[in-house]
Amino acid sequence: MQKQKVVEVSGLYAAFEHEVVLKDVSFTANKGEVTVILGGSGSGKTTLFRHLLSLYPVKRGSVRVLGKDVTTLREVEQVELYHQMGVFYQSGALLNSLTVAENVALPLAQHSDLPAELIDEIVYMKLGLVNLSHAFHLYPSQLSGGMLKRAALARAIVMDPPLLFCDEPGAGLDPVSLEALDRLILNLKNKLGMSIILVTHEVSSIMRVANRVVFLDKGVVAFEGQLVEALHSDHPAVQEFFSVMKSDSMKELLK
Amino acid sequence: MLARFESGCLKLSGRLTVNEASVFSTEFLREYRAAPDRSLDFDLSALEAIDSAGVMALFYIQKKLDEKGQRIELKNAPENISDKIRLFYPRDEIRMPPPSQFGWFERTGDQVHQFFTAYVFSFIVLAANIFYWGIADLFRKKVRRKGEFVHQSVLIGVNAVFIVVFLTFVIGYVIALHSAGQLRSFGANIFIVDLVVFSIMSQMGPLITAILVAGRSGSSIAAEVATMKVTAELDALKTMGLNPLRFVVVPKLYACMFTMPFLIVFANVAGITGGALASSVYLDITPEIFINRMQDIMMSKDLYTALVKSQVYAALIVLTGSFYGLRVERGAEGVGRMTTMAVVVSITLVILADSILGVIFY
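Protein sequence lines correspond, in order, to chains A and B.
For what it's worth, this note's numbering labels the leading residue of the first sequence as 1, then goes sequentially.
For what it's worth, this note's numbering labels the leading residue of the second sequence as 256, then goes sequentially.
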């Protein structure tokens, strides 16, 4: 059965000044799956990610998110599309002048007419999901790196978006926190049916959460397919990336 | 979404998501509040979709009905709905942590304590540190960054020349213009020179220059230091074994203390020129007469007073800018707040210092 596509990128080019960053990038992400965008530093992951979020204008090629061509959207339609997307930034991007609860409540307070008391309870529950209820009244400057990321994730999922974008969520986290974050991402996929687009370098995360992999190398899609296929890809860059997997313990996992 | 009573229970159909949760919970509570105290079953068999806001709306209704001793029972939920309810419905009563509350007395005491420890004491310690390194590095050429003094002098001093000259010229002109009528009526035209020279050299020249430098350079010093702190550049300097004050603030102190006397000289010349122009136009005092009279009344004290003032103002501006820059918290918003504070406080300190120096050199 043909799976429903949540993201479809076709023939995307991007360049800054005279430097071409993305060359004819095409891939799809399916509904209810975790699609991981991989690649080394400077491979164009962030540029591609920002195109998916319509933060960079698409100059050549097309990007469809949740069935809508982002190049043809009017501003109002773009805002409607943003309502259906949660975005988790690498730095957390919480507003420092607001408390954690106010940060998480922001989308609900702005885009719904729910009473304040109910919003507070939803926020408390969402913070509970990321194990951060105690930080309700704290400011982002009072949180550790891992707590900041969890608070940012709570904000990204507060509207129960069908599509979640995560930009290197594991960067800077210790392995235990990283595993907890991965479990949370898996829960979002399994229990809420969220489709997740994940940009990450963390091989252990990829092994835990990925259904589908898009590997970028020098701005070109070097591989697109299931995780298991990626591990056996004969593309040199993909092989090199996954060479870390060749340790015995990882081999065990692969069996 | 649709809710209707059917054989003793409330049957919900359609979607109960963030878009419907508000209307549903408000309407339901309004309708049901007057009902007799009893329990009510919610039949969820026809519910097509629910999200976290919908689940929390059900929880919210239950919480409100608890106050009347009523219960709601959720029944016949399809699997996709019951999964969401299991995931989101709080198991215990929600008890949000209360924000920390202090009374008026504690808050006032805390603020006074904060003022002395976090502001007065910290400012003195920072000033001592900066002056220590400022004096120490004067004799250690090796630790001074090549070209930094010139670069900062251009930013703080040279780039401010035009605005300082322009404004003091206008101020000198306006002082003479407004005094001309009064002096003419007493036949004391020649004293316009005394008035302009004295007011510009002892007060307006140094003060206007310091206020302009505080606005231009004080704010930029605060913003630069604050941004460096927020982006962990100061931490990076520290972990590289470099003293951030020596590296970032001391060159600015040298530059500001070096260029400020020149700026004040430019300001004085421009202000007196403006006054001389107005005297010539409105009181027929020719430039020759103006200069002759000026030579009679000018004293060397005016020059060293201006020099002392320039050094005090320069130090206050750099210290205040760096002090507030180093106190930044809460990212981008904090940078803006500290920059504003730096300008307001440095201008206030400059005016206070001007009053004190005015009394000393009277």
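Note that the Cβ used here is the ideal one computed from N, Cα and C, for glycine as well.
Since this is a predicted model, take the numbers as computed values, not measurements.
Cβ-based burial, His51/A [other Cβ within 10 Å; buried from 16]: buried
Please list, in chain order, all residues of the same chain as Ile385/B whose beta carbon is under 8 Å from its beta carbon, the five residues on each side excluded. Leu500, Val504, Val505, Leu508, Val573, Leu574, Ser577
Taking contact to mean at least 3 C-beta pairs separated by less than 8 Å, is the segment 209-218 of chain A in contact with the segment 29-45 of chain A? yes
Could one say the Cβ of Phe314/B lies closer than 9 Å to chain A's Cβ atoms, at least one of them? yes
Just tell me which of Ser133/A, Val25/A, Ala135/A, Ser91/A has its CA closest to the CA of Gly586/B. Ser91/A
Hey, Ala211/B and Ile157/A: beta-carbon distance below 9 Å or not? Past the edges of chain B, shown from 256 to 617, lies residue 211/B, and the structure says nothing about it.
So if I threshold CB-CB distances at 8 Å, which residues from the segment 162-183 of chain A count as touching chain B? none
Is the beta carbon of Val452/B less than 9 Å from the beta carbon of Val583/B? no
Which first and last residues belong to the beta strand (DSSP E) in which Glu328/B is found? 327-330
Under the assumption that Met459/B contacts Ile411/B (Cβ atoms under 8 Å), give the Cβ distance between them as a whole number of angstroms. Rounded, the Cβ-Cβ distance is 21 Å, inconsistent with contact.
Closest Cβ-Cβ distance between Arg585/B and chain A: below 9 Å? yes
Whose Cβ in chain A lies nearer than 9 Å to the Cβ of Ala491/B? Neighbours of Ala491/B on chain A: none; closest Cβ ~16 Å, over 9 Å.
At a threshold of 8 Å, does Phe242/A count as lining the ligand SAM (C-beta to nearest heavy atom)? The ligand SAM is absent from the structure shown, which contains no ligands of any kind.
Need the endpoints of the beta strand (DSSP E) that Ser62/A sits in, please. 60-65
What residues of chain A sit near Ser280/B, judged by a beta carbon separation below 9 Å? Leu114, Pro115, Leu118
Closer than 9 Å, CB to CB, is Glu121/A near chain B or not? yes
Determine whether the beta carbon atoms of Leu48/A and Val9/A lie at a separation below 9 Å. yes
Please look up how many angstroms separate the CB atoms of Leu188/A and Met194/A, rounded, as I've assumed it's under 8 Å. 5 Å
State yes or no: is the C-beta of Met256/B within less than 9 Å of the C-beta of Phe283/B? no
Classify Arg362/B as buried or exposed, calling it buried when 16 or more other Cβ atoms lie within 10 Å of its own Cβ. exposed
Would you call the CB atoms of Leu53/A and Val6/A closer than 9 Å? no
Does DSSP classify Ala15/A as helix, strand or coil? strand
Whole beta strand (DSSP E) elements within the segment 149-220 of chain A, 3-residue minimum: 163-167, 195-199, 212-217
How far does the alpha helix (DSSP H) with Leu320/B in it reach, from first residue to last? 307-321
Just the C-alpha distance for Ile379/B and Leu581/B, rounded to the nearest angstrom, thanks. 14 Å
For the alpha helix (DSSP H) that Phe545/B lies in, which residues bound it at each end? 542-552
Chain-ordered neighbours of Ser97/A on chain B, where CB pairs are closer than 7 Å: Arg585, Glu588
Rounded to the nearest angstrom, how far is the Cβ of Ala608/B from that of Leu562/B, given a contact under 8 Å? The Cβ separation is near 14 Å, so there is no contact.
Beta strand (DSSP E) containing Val87/A: first to last residue? 85-88
Please list the partners that Asp321/B has in chain A, where partner means a Cβ-to-Cβ separation under 7 Å. What Asp321/B touches in chain A: nothing, since even the nearest Cβ is about 14 Å away.
Quick check: is the beta carbon of Phe88/A nearer than 9 Å to any beta carbon in chain B? no
Start and end of the alpha helix (DSSP H) containing Glu240/A? 236-241
By how many angstroms is the C-alpha of Phe357/B removed from the C-alpha of Gln366/B? 12 Å
At 7 Å on the CB atoms, spell out the chain B contacts of Tyr13/A, in chain order. By Cβ distance, chain B contributes nothing, its closest Cβ being about 32 Å from Tyr13/A, past 7 Å.
Cys511/B to Ile390/B, Cα distance in whole Å? 15 Å
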